[in-house]
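Protein chains in written order, with the numbering used here: chain X, 1 to 497; chain D, 1 to 499; chain Z, 1 to 131; chain F, 1 to 81.
From the three backbone atoms N, C-alpha and C, an ideal C-beta is built for every residue, glycine too.
Computed from a predicted structure; not experimentally measured.
Take a look at the structure below.
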Amino acid sequence: MDVIYSSRPLWAVLVSMIAAFLILATGEKNRNIRESWTIMAALAKFLIVLSMVPVILQGKVIEYTIVTFYPGLLLQFRIDAFGMLFGVIASSLWILTSFYSIGYVRGLNEHAQTRYFFAFAMCLSSTIGIAFSANLLTFLVFYEILTIATYPLVIHSESKEGIMAGRKYLAYTLTAGCVLLFAIAAIYYMTGTLDFKAGGFIAGSGSSAVLIMLFAMLIMGFGVKAGLMPMHEWLPSAMVAPTPVSALLHAVAVVKAGVFGCLRVILYVFGPGLLHDLGIWLIMAYIASFTIIVAGFLALGQDHLKRRLAFSTINNLAMIILGAALLTKSSMTGGIIHMANHAFMKITLFFCAGALHVKVHKDYVSQLDGIGRQMPLTMGAFAIAAIGLSGIPPMSGFISKWFLCLGALEANQIIFLFVLMTSAMLDVAFFFPIIYNSFFKKPLDDVTPHFDEAPMFMVIPLVITALLSIVFGIVPDAFFRFFSLTSLAVQNIMGVG
Amino acid sequence: MAEQFAALIIVVPLISSLLVPVIGWGQKKLCYPWVVAVLVVPLICSLGILNTVLTTGKFSYRLGGWAPPWGIEYAIDHLNAFVLVIVSFISLMVAIHSKKSVEKELSEKTVPFYTLFLLLVTGLLGIVITGDAFNLFVFLEIASLSCYALIAIGEEGAPIAAFNYIIIGTIGACFYLLGVGYLYIATGSLNMADLANILPDLYHSKVILVAFAFFTVGIAIKGGLFPLHTWLPDAYCTAPSAVSSLIAPLMTKVAAYVMIRLMFTVFQPHFSVEIVPVFAILGWLSVFAIFWGGIKALAQTDIKRMLVYVLVAEVGYIVIGVSVANRVGLTGAILHIMNDAVMMTCLFLVVGAILYKTGTREIHQFRHLNKKMPFTMAAFTITALSMCGIPPACGFFSKWYLIQGTIEAGQWVWAAALLCSSLINAVLFFRVIECAYLKPMEPAYAHNAGETHGEILRDEAPFTMLVPIVIMAAGVIFLGIFSGKIISSVIQFAVPASF
Amino acid sequence: MLDYIISKYNFWIYVVLMMIGLYAMIGKKNLIKKLIGMNIFQSAMILFYVSIGVKAGATVPILSGHGHGHVHEVIEVAKYLNPLPHVLMLTAIVVSIATTGVALATLILIYRRYNTLEEDEILKIRKDTGV
Amino acid sequence: MIWQLDLILCLFVLICAIAAINVKDLLAAVIILGAYSFFMCLLWTEMGAVDVAFTEASVGAGVGTVLFIAAVSKTKRRSKD
């Protein structure tokens, strides 16, 4: 494989970190200048990331070493197709989220906006770091920075509820960090290397009992952020955060970083071959299935819109992990592409929830009767994304579910096909009442019956993401070449494994 | 030139400390600039020494020109050159920071304070630089005596804490001296290098065993290792803030250095590992130290007292690194000597600044400190994150090596203790951060703090305090990022070659 | 066994003295008593060092020659005690008296604050005042 | 070295040490401590450590006792144990 040495990955990470400090220095007084830093950094980051896509598609990898601690122990960026996919998702959605955030915080006249934008930029910086990291150590470093950078966002409201959610979040993620630190140290001790390798690198370095233990620890560590049950508890609580944060947390950065970590562990540390030999892939798939079903049912019971979306997130993330755990070519394709598709659809849903919150201060599903007449654009986008998540063509969710189902068949595990089907039914069950109520029910008294949308800063991003999820459903390879990147990643993994 | 550095590093602060009263007699205000100026000299000397060691390898300086087995020798290798830099750098930073807090807390006693301050630094530097077992005792006592006196001039309760420290510290020093005596009986030498040559033939002698036991207990007392730490919390907590920010990070670290020096240089590692099961005991004691320190710290509402208990746990870290007795663990221990010294200094300096500005150390009264003292609190937050082991701050990397060490030694419980301790630290420090950065959880705090409801004005610590704090906080990050460089250029040579 | 004890009796004395000192330091409540114990402890240690230097039939390590360059006879090492431990103890005595001095100064501070030197009373006062 | 003398001195030292920590009158205890130091000096002289003995006599038994007496006179004389 060709390796290109370039400092572009570093700049992609640094640009938002620099912006974060510029934001801090600019402060509350010059809001427009401060926001312009965010936008500029987001655009710059996106362009840097995008400029590397063609290189990756040629089958090359881009590498940059920051520091070497020891032979085999270094902070290093290496961009492969899988990392690139995540990088593109995160950096493209940041632009939209930035605009949306500006509309949101100004619409609500939030406090501590500087801290908010600072933490936001730090989050993105570490997310890109995670996407581009070449080894487990680099991954862990950025993963922990992400943990800390998200904390100010979770407690943003500074209410009692927010602080409790923040404590819960820290308790879960920091414990996970410790478990990871131990597991990674043990892997380094056993193998002397931590570099991700398509198809795994750990095979044969220890007894199967030790390997299974390490696998469990790594999945526990990354599974916390991915909301894998029973470690999902922090995620619905973290819904007290402002909506753009939830959007970013639950669609792009934090939970996707967890999923990305799980997939890295499954596909690039252990590898399909080893997991088959150890026989833990099936257990993993069952855990994921359990999460899918239970989260679906729990979502049904939520009246708070954002909490319902949170459980839907847990459900979808588990689906991605299921795809990887089934270890077939189609299921992997489905899982990896679902990372992208879910990101666009889920961020749309959260954007809609935020728009409702800002415009009409409604947070509960039961309050949404007839709201579609007042905010047709918002609820239209909501409908598109919800339909997409349920897996109905021509939205992008269909593509990923199709591949996942194919994968379940390829793995000769019909049961997972049923799991996916059940999940789709549950999706329909908890999304469609919202769509129906908002468009067809008689409006509640306090709903303005004529067109009265949220600020355009908020509406335009959510319309864009909704449209994109249709486009990706029809042409999966459009714009960002997600499909090509996915198949390239799968090819790499299967080619070796 | 480096030869002269080795002498100057002791002589300059020693003589200058005697000149402090002379200067203070004339003009009290001149003491502070004098002390700061004097402390630059050890820093330059230690950097020069480190440079020489790195380029030409280890060397020795004969005091008064007497040849080693009889005369006192300053033997300098990578390990003590490294620790010398830490000690001299931190003492300079604390000295710079001390100006305002000494004026406020010890306005009557400025002159004795600075005299003793320099003596303490002399003692610490001497412990590190000397290559003679008895000379080490003398410097240990110089440092301890100035410590006792400095602690005794602290707040309410300080004299009694200092008295306890005197009693227990003397026992520790006497045990060390007895150890030296028994070694002398067996070998007839006091020079460390000489001892290292003679001792291997005598490893099965009971006298050596007794000496080793006395050394271990003596140093454990001085370093505050659980369960011999009982004097430590009161003594360090009641001391004036300028004093505790010097002795809390350094005294324990220097004791850890002496432990490494004795166990791996004077005695061969295989003696300390195979013939005496001391490391199994020390390791388990450290596990208790970590948990006990962490739990006691959780119970405190006074931030300085909390830090002191965290310090007890941190001593446990270093001793675990020593106890695993392998190369990577020891690397972690030596790295943690540096990292912990920097982190602890930063935290104590921050506490000193907060105490100076707000007059309180109670955590729940820290409200709005992020607005009042943004830079101080930012430094605190960075260091706190480092204590929790968040990369890329330095705490993460020492933890990484320590855990590698425990894995290599197969001590899973020790590894678990290290990991649990980061979680305990997270609870401890996020509690403070919540209090300082966020609105109060209970509205009850709102009126009893008696604060204005208007804009909270910035009221940052004075410049002399802020500069060292910011430097230390930056150090926390930089030492983390460059820890690989530090290990490959210094620490890997400092670890005994027999590993 | 008895032989063994008798032949090394000053080592035994040093151990006993040390234990007396240790007992006083830990068991006594009066702070001055603790300090007395500390002094006993330290001098016991000095006794140990002095005992190291003792040799049967040897004498004080002072040469009976007439100064430098006039030593007529060969110095027989066996005839003299080992002076090195003695020299070390000179330092140790100075250190111990310095420690005692600092401790006494601290004691006076304590007395001024609490008006007593009994440890239990001080603890009680501290507890009552809530410090 | 005369072992009989040695033994007697050792005995005195021991008695003084025990007495010093058991006398309730602190001034008396301090004086006994001075006596203890003095017997210690004799013991050391007898063992050949003349220089140590001189130092101890002047510093330990002399200065030390003076310091102790000064401290006791500034504080309480009676002790509970």
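Straight-line gap, residue i to residue j (C-alpha atoms, nearest Å)
i      : j      : result
G26/D  : V38/D  : 18 Å
L404/X : D427/X : 16 Å
G333/D : V495/D : It should be pointed out that residue 333/D corresponds to Ala in this sequence rather than to Gly. Whole-angstrom Cα-Cα distance: 10 Å.
S331/X : G294/D : 47 Å
T52/D  : I487/D : 17 Å
V49/X  : N135/X : 19 Å
D303/X : S438/X : 14 Å
I23/D  : M306/D : 37 Å
F430/X : G301/X : 9 Å
T333/X : E233/X : 29 Å
N259/X : G223/X : It is Val, not Asn, that sits at residue 259/X in the sequence shown. Spanning the two alpha carbons is a distance of roughly 7 Å.
C394/D : L479/D : 6 Å
P236/X : M259/D : 50 Å
E314/D : N341/X : 47 Å
A297/D : E362/D : 13 Å
A161/D : K104/D : 22 Å
G450/D : M465/D : Note that G450/D has pLDDT 44, beneath the 50 cutoff, so the model's placement of it is unreliable and the number below is only indicative. Taking the straight line from one Cα to the other gives about 27 Å.
V13/X  : S489/D : 28 Å
F212/D : A220/D : 12 Å
Interface flag, residue i vs chain Z, CB-CB below 8 Å
i      : result
G34/F  : no
P159/D : yes
V266/D : no
A297/D : no
V258/D : no
Helix, strand or coil at residue i [DSSP, three-state]
i      : result
R167/X : helix
S79/F  : coil
N51/D  : helix
F396/D : helix
S286/D : helix
From the options, residue whose alpha carbon lies closest to that of residue i
i      : options                        : result
S386/D : A251/X, Y64/X, I145/X, A383/X  : I145/X
G447/X : G370/X, W234/X, S207/X         : The sequence given here places Val at residue 447/X; Gly does not occur at that position. Nearest C-alpha to V447/X: G370/X.
N306/X : S331/X, P244/X, I336/X         : Correcting the residue type first, residue 306/X is Lys in the shown sequence and not Asn. For K306/X, the nearest C-alpha among the options comes from P244/X.
L406/X : G323/X, I39/X, G495/X, A466/X  : G323/X
K206/D : Q492/D, I185/D, D194/D, I219/D : I185/D
S400/X : L174/X, G388/X, I62/X          : G388/X
I122/Z : V15/Z, L31/Z, W12/Z, Y9/Z      : L31/Z
L311/D : G329/D, F348/D, F279/D, G283/D : F348/D
Y154/X : P391/D, L438/D, F482/D, A415/D : Sequence check: residue 154/X is Val here, not Tyr. Answer by Cα proximity: L438/D.
Any chain D beta carbon closer than 8 Å to residue i
i     : result
F11/Z : no
A78/Z : no
Y81/Z : In the sequence on display, residue 81/Z carries Leu and not Tyr. No, because no Cβ of chain D sits closer than 8 Å to the Cβ of L81/Z.
Cβ of residue i within 8 Å of any chain F Cβ
i     : result
L84/Z : no
V94/Z : yes
V15/Z : no
8 Å Cβ cutoff, residue i in contact with chain C
i     : result
D51/F : Here the protein chains are X, D, Z and F, and chain C is not one of them.
Interface flag, residue i vs chain X, CB-CB below 8 Å
i      : result
G395/D : no
H453/D : With a pLDDT of 49 at H453/D, under the threshold of 50, the predicted position of this residue should be treated as unreliable, though the coordinate-derived value follows. Not an interface residue.
Would the segment 134 to 149 of chain D and the segment 112 to 125 of chain D be scored as touching if the rule is three or more Cβ pairs under 8 Å?
Under the 8 Å Cβ criterion, the segment 134 to 149 of chain D counts as touching the segment 112 to 125 of chain D, having at least three qualifying pairs.
Per the contact definition of three or more C-beta pairs closer than 8 Å, is the segment 174 to 182 of chain D in contact with the segment 105 to 117 of chain Z?
At 8 Å Cβ cutoff, the stretches do not touch.
Contact the segment 369 to 379 of chain D vs the segment 116 to 131 of chain X: 3+ CB pairs below 8 Å
For the pair of segments examined, the segment 369 to 379 of chain D was found not to touch the segment 116 to 131 of chain X: the number of CB pairs separated by less than 8 Å stays below three.
So, do the segment 80 to 97 of chain D and the segment 247 to 254 of chain D have three or more beta carbon pairs nearer to each other than 8 Å?
yes
The segment 3 to 17 of chain F in contact with the segment 188 to 201 of chain D per 3-pair CB rule at 8 Å:
Taking a contact to require three or more Cβ pairs closer than 8 Å, the segment 3 to 17 of chain F and the segment 188 to 201 of chain D do not qualify as touching.
Counting pairs of Cβ atoms below 8 Å between the segment 377 to 392 of chain X and the segment 456 to 467 of chain X, do you hit three or more?
yes
Are the segment 150 to 162 of chain X and the segment 241 to 256 of chain X touching, with three or more C-beta to C-beta distances below 8 Å?
yes
The segment 67 to 80 of chain F in contact with the segment 83 to 92 of chain Z per 3-pair CB rule at 8 Å
Contact annotation: the segment 67 to 80 of chain F does not touch the segment 83 to 92 of chain Z, with fewer than three C-beta pairs closer than 8 Å.
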